[in-house]
Amino acid sequence: MDSRTVLVLGSGPIRIGQGIEFDYSCVHCVWALQQMGYRAILINNNPETVSTDFDTGDGLYFEPVTLDDVLPILEREKVGGVVVQFGGQTAINMAEGLASAGVRILGTSADSIAWAEDRDRFDQLLNRLGIPKPAGKAVRSLSEAQEIAAQVGFPVLVRPSFVLGGRAMEICYDEVQLEAFYGLAESANPGQPVLVDQYLLGKEAEVDVISDGETTFVPGIMEHIERAGVHSGDSMAVYPPVTLSPAICAEIIHQSCQLARALQVRGLMNIQFVIQNHQVFVLEVNPRASRTVPYLSKVTGIPMVQLATRCMMGESLKDHGYSSGLWVPTSGRPVHDPARPLEPRTHGRICAEADLEAIRTGQRPAGSALGIEAPPLYAVKSPVFSFQKLSRVEPSLGPEMKSTGEVLGIDTSYEAALYKALVGSGITFKPTGRVLLTVNQQDKPAAIQIARELAKMGYLLAATSGTHQALREAGIESQLVLKIREGQPNLLDAILAGEVSLMINSPGQDRQEEEEAARIRRACIETGVACITSIDTAAALAHALPIFENPERASCLPYGEYGQASSVRGSETTSTVP
Amino acid sequence: MKRILVIGSGPIVIGQAAEFDYAGTQACKSLREEGYEVVLINSNPATIMTDEETADAVYIEPLTPEFCERVIAREKVDALLPTLGGQTGLNLASLLADRGILDKYGVQLLGTPLSAIRKAEDREEFRALMREIKEPVPESWIVESNDDLKALLDHAPYPCIVRPAYTLGGTGGGIANSPEELWEIGQRGLKLSMRSQLMIERSLLGWKEVEYEVMRDRAGNCITICNMENFDPMGVHTGDSIVVAPSQTLSDFEYHMLRTASLKIIRALGIEGGCNVQLAVNPDSFDYYVIEVNPRVSRSSALASKATGYPIARVSAKIAVGRTLDEIENQVTKTTKACFEPALDYCVVKIPRWPFDKFTTGDRTLFTQMKATGEVMAIDRSFESALLKAIRGLEVQSKDLRHPKFSAQSEEELKTSVRQPTDERLWAIAEALRRRWPIAEISRLCRVDKWFLVKMQNLIEAEQALGQPDHEGTEQNVARALQLGFTPSQIRALAPESPRLEAALSNRSSRPVHKMVDTCAGEFESKTPYYYATLGRDSDDVLIELNEGEGASQAVIQTQIELGVSSEAR
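Chains A and B supply the protein sequences, listed in that same order.
When the letters of the first sequence are read in order and numbered with the working numbering, they come out as residues 25 to 602.
When the letters of the second sequence are read in order and numbered with the working numbering, they come out as residues 215 to 784.
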């Protein structure tokens with residue numbers, strides 16, 4: 025590069041799907057560039073952020089992040105290259121335009137970015153690598169959509185192509201829903217095909233990988249607590265995984281390394297997976313820093329943005345002591361030296377790609393190689409919503425993202441980390457009233473388990489007819505509450521009268537039931553009653569109940585100390601994993 | 215005193231966004247510069263403030279009094295700075311004080327005393343104080359129960375505004391046009407208020423809304439950082455309003471009348487640090503009312519900091535530990551002190567970013583409950599160009615003042631769209647101007663000041679001129695459009711292709727130059743490379759040349775100040 029000046033593109037205004045996380049990454053990228061001796065300048069137009077603090081970089085341009093506004097700055101500053109990886113979709117979307125204007129894109133090339141984002145090319149890549157993905161196709165008519173649905177089987181995910189952030193996306197469970205929704209997806213982006221994909225109802229997981237094109241390092245795997253069907257930004261996620269087997273984790277790393285190499289990733293990439301019947305499918309690849317980067321950087325102690333920036337600028341991971349594989353933290357005091365900012369801040373080791381390969385193919389037992397049996401800490405991320413401010417917005421979770429922010433719960437036990445994430449995000453019991461359960465048919469077995477835990481802890485329960493019946497058959501006592509259409513006083517009255525301490529309500533597929541459920545969920549929001557709409561979130565809550573009963577069992581430490589077993593005080597909990 | 219606890223604002227929600235990461239990070243840095251140790255608690259991991267480098271001990275724990283107490287006990291904290299974590303931080307500090315936790319551990323509260331915070335936040339106490347210092351407040355009633363509410367239904371002035379006390383972004387508030395609506399909104403607000411307290415207030419719908427960011431230290435020195443005027447009149451939450459800084463439609467007399475009032479208020483409250491004062495001004499007389507005071511760092515103060523280059527959170531933190539404005543250095547100029555009031559030689563426009571591209575079924579009307587998730591700010595030399603720049607940066611469907619939804623509306627439909635505040639009203643107003651509705655008529659419908667409408671009309675006229683078939687005036691039209699802030703690609707999208715158009719756009723003078731935000735309008739030399747683009751002749755520069763060989767940077771500073779602005783000052 026003939027100039028030592030680098031421009032970092034910011035992420036613009038905070039919106040749903042593109043929050044403060046991207047500002048965090050941009051700021052760290054600027055600092056990393058400065059450490060390397062570059063002159064790092066920033067462009068962004070969000071007045072709320074650290075990135076637009078005038079002393080963050082070596083220069084601040086308070087301008088919109090668009091091609092028209094960036095090009096004159098490049099000319100004036102004689103910029104050597106532009107960083108598009110950290111400013112979310114705003115910045116990455118400019119890669120193509122900048123590249124065709126002859127601007128040097130640092131890190132992963134504009135062509136690789138387009139490759140990951142173009143559906144056809146990406147499908148071909150997965151086929152070539154032998155990586156499975158949910159079956160599906162881009163179609164141009166309802167009859168074609170029906171044909172695909174018949175081939176792959178319901179449910180199917182239907183969405184318009186070339187529309188960002190999960191807009192106008194729906195899971196269709198039958199012909200009727202497909203027919204009803206197809207037109208909406210088509211009109212969301214007229215002239216473009218509609219994507220119809222098999223919908224896998226499995227566990228979801230995601231990784232953020234750092235790669236220099238050759239070496240691919242994975243700081244950690246995050247497992248989603250809610251099953252597929254909930255947008256990754258709206259699901260709770262736990263690090264390290266609690267239910268994934270070592271072989272599945274090894275498969276995830278294997279696929280990640282293959283993808284990073286094939287796409288010649290230089291910097292960060294985020295990959296989302298779904299696991300069904302012990303098979304790992306790739307759902308989506310984002311060739312940029314994702315919203316989980318700050319959270320994962322903090323809990324793994326890996327300076328992810330700094331390393332990614334080094335890779336972007338042509339340095340190799342090997343030179344900094346990293347090799348292909350997964351970071352496995354172990355208990356103990358880290359050897360972190362502030363003078364060596366690229367070293368991990370946690371005590372641990374790298375589980376090498378070759379070892380993972382042996383575990384993946386069953387040639388070797390996993391033992392404690394992946395560190396998921398007894399990790400030094402658990403970290404649970406929980407989404408936070410702003411439904412109270414937005415009337416007429418349906419608060420149940422689905423494939424479209426709805427949360428505005430997130431909190432993190434860290435502790436040495438999974439229960440305590442869950443407890444902190446739930447409490448931090450405002451899910452807690454009101455001091456009076458009953459826990460009200462009203463769940464759909466397929467969630468009833470799980471609801472019985474949850475109700476049993478609640479009853480054991482002395483919580484009083486209430487339920488609508490179907491759930492009440494199921495609980496009674498399982499020998500669990502609950503007060504019967506009427507549904508809205510069954511007369512009065514019903515559950516809506518109970519909520520308004522302050523008789524409900526927490527609501528567990530999973531959406532059904534019946535239209536009338538759903539309309540009622542939506543009114544109930546809104547009522548919860550208006551009255552400040554926590555409302556859980558996924559049975560998996562409720563199960564997590566049940567798992568954390570011992571800590572709700574006795575919060576002193578949770579620790580309270582500076583987060584850097586959680587991995588250091590010797591310094592953990594006041595935490596008697598031992599971890600049990602469901 | 216050695217160890218100071220800073221409470222962050224927790225997760226991003228509507229009404230409390232990234233501004234508190236910016237404020238908190240600055241405050242931690244500022245306190246450590248002063249030699250203190252900082253302990254931080256925040257549950258939001260996606261923040262710079264929770265980096266281990268930001269503070270001496272960082273706790274990512276739930277923001278509850280229980281966890282705060284454990285942190286206070288474990289870290290042997292001596293003092294607490296409560297005014298930097300938004301409403302969450304302030305509420306938590308007040309709970310810790312009420313429960314006796316601060317006394318138990320001997321923790322001193324820094325900055326504005328809690329009694330002053332309560333005086334600013336409790337409607338009754340605030341009104342009493344305003345009466346005492348003879349500052350006008352709109353007639354209002356405090357309601358603390360359903361019975362109070364019922365008793366008021368018959369004699370409240372309609373329309374009236376309902377505001378719950380102690381909530382974020384005005385949660386649960388609204389405008390009631392009838393006793394029925396007052397009953398409904400009031401009941402909901404009582405449930406959502408942390409203190410079960412509401413204020414019912416005479417509506418000042420249609421008045422101008424103006425904000426002053428002011429600063430005071432322990433010695434009683436007070437300054438104004440900047441004032442801001444809302445494009446949308448009273449009735450829309452400031453977080454949902456388009457805002458311009460400095461104010462554009464106030465006369466000098468009005469500006470100083472409101473400035474004096476704001477300084478009087480901050481003195482009377484005894485604030486130590488930054489504070490935001492909201493005022494309503496009658497567009498047809500010199501009447502004004504004090505609406506509310508935020509005795510802490512806020513979204514508006516982040517905006518004011520970026521709009522002026524004056525770091526409010528940083529200076530507030532220093533004031534909280536006893537420094538005075540005359541002692542604190544202005545970081546931008548490095549030669550002046552923090553007691554210099556910033557001067558602006560440009561215009562700033564903020565537009566909120568709403569989530570209705572995602573929540574297509576959501577209620578888009580705007581009133582006293584904030585709905586925006588974020589915002590953009592644009593700096594330029596005129597209101598027109600700053601407005602266009604802000605729109606361009608919003609990343610919404612419309613990149614300029616055109617919007618297919620409104621061009622398809624009938625006259626009647628458009629009238630409603632202009633009257634009713636929504637996230638898209640700006641484009642409805644633009645469409646009305648395009649249809650040549652009289653300015654007076656548009657202003658009557660939306661109550662937006664005619665000055666703003668005339669400026670928008672300039673943009674619409676430029677847009678329409680560009681749309682004409684190519685003629686000898688093309689070059690002049692292009693020059694005019696560029697001057698008003700249209701970018702070359704916007705101009706290409708509006709004008710028919712022609713060699714004259716291309717010639718006009720390839721002209722050297724069609725490219726922007728970059729000017730500095732220097733806090734002092736060029737009066738002093740500035741050493742901070744903080745720029746905005748504008749159409750003009752010369753750029754401002756702080757040029758830094760890098761020593762390529764060692765990778766270390768050696769700063770060579772040259773400042774070129776535009777002719778005529780400050781040759782004498784240099």
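Using N, Cα and C, we set each Cβ at its ideal position, and we do this for glycine too.
Just so you know, these numbers come straight off a predicted model, no measurement behind them.
Short CB-CB distance (under 9 angstroms) between residue i and chain A
i	result
B/V272	yes
B/F445	no
B/P743	yes
B/A707	no
Interface partners of residue i on chain A, CB under 8 angstroms
i	result
B/Q240	D77
B/A747	Y85, E87, D93, P96 and I97
B/D614	None at all; the shortest Cβ gap to chain A is about 12 angstroms.
Under 8 angstroms by beta carbon: chain B residues contacting residue i
i	result
A/G584	E266 and V272
DSSP three-state assignment for residue i, whether helix, strand or coil
i	result
B/K318	helix
B/P702	helix
A/Y85	strand
B/M471	helix
A/D147	helix
A/E550	helix
A/T357	For the record, residue 357 of chain A in the displayed sequence is Arg; it is not Thr. A/R357: coil per DSSP, three-state reduction.
B/T302	helix
B/M263	coil
A/Q175	helix
B/D235	helix
B/N444	strand
Neighbour list for residue i in chain A, Cβ cutoff strictly below 9 angstroms
i	result
B/G249	Neighbours of B/G249 on chain A: none; closest Cβ ~19 angstroms, over 9 angstroms.
B/L412	The contacting residues do not exist; B/L412 stays about 15 angstroms from chain A at best.
B/S753	R100
Any chain B beta carbon closer than 9 angstroms to residue i
i	result
A/E250	no
A/S415	yes
A/E424	yes
A/F409	yes
A/T436	no
A/L292	no
A/K454	no
A/R39	yes
Alpha-carbon to alpha-carbon, residue j and residue i
i	j	result
B/T587	B/E638	15 angstroms
A/R373	A/L66	35 angstroms
A/G482	B/S410	30 angstroms
B/R658	B/P371	22 angstroms
B/E349	B/F500	13 angstroms
B/M215	B/V253	13 angstroms
A/F146	A/L153	11 angstroms
B/Q623	B/A642	9 angstroms
B/I526	B/V511	8 angstroms
B/T538	B/T268	24 angstroms
B/P225	A/S259	15 angstroms
A/V51	A/T316	15 angstroms
A/E501	A/L485	7 angstroms
Within chain B, partners of residue i - CB distance below 7 angstroms
i	result
A/L432	S257, P259 and I274
Contact list for residue i against chain B, beta-carbon separation under 9 angstroms
i	result
A/Q114	Note that residue 114 of chain A corresponds to Thr in the displayed sequence, not to Gln. The contacting residues are E609.
A/I451	Result: empty, since nearest Cβ-Cβ is about 11 angstroms, beyond 9 angstroms.
A/D232	Those within 9 angstroms of A/D232 in chain B number zero; the least Cβ separation is about 13 angstroms.
* Runs of beta strand (DSSP E) lying entirely within the stretch 460 to 536 of chain A, each at least 3 residues, in chain order -> The stretch 460 to 536 of chain A contains these whole beta strand (DSSP E) runs: 485 to 487 and 524 to 529.
* **Those runs of the alpha helix (DSSP H) which lie wholly inside the stretch 104 to 137 of chain A and span at least 4 residues** => With a minimum length of 4 residues, the continuous alpha helix (DSSP H) runs that stay inside the stretch 104 to 137 of chain A are 112 to 116 and 119 to 124.
* **Whole alpha helix (DSSP H) elements within the stretch 565 to 610 of chain B, 4-residue minimum** => Fully enclosed alpha helix (DSSP H) runs of 4 or longer: 597 to 607.
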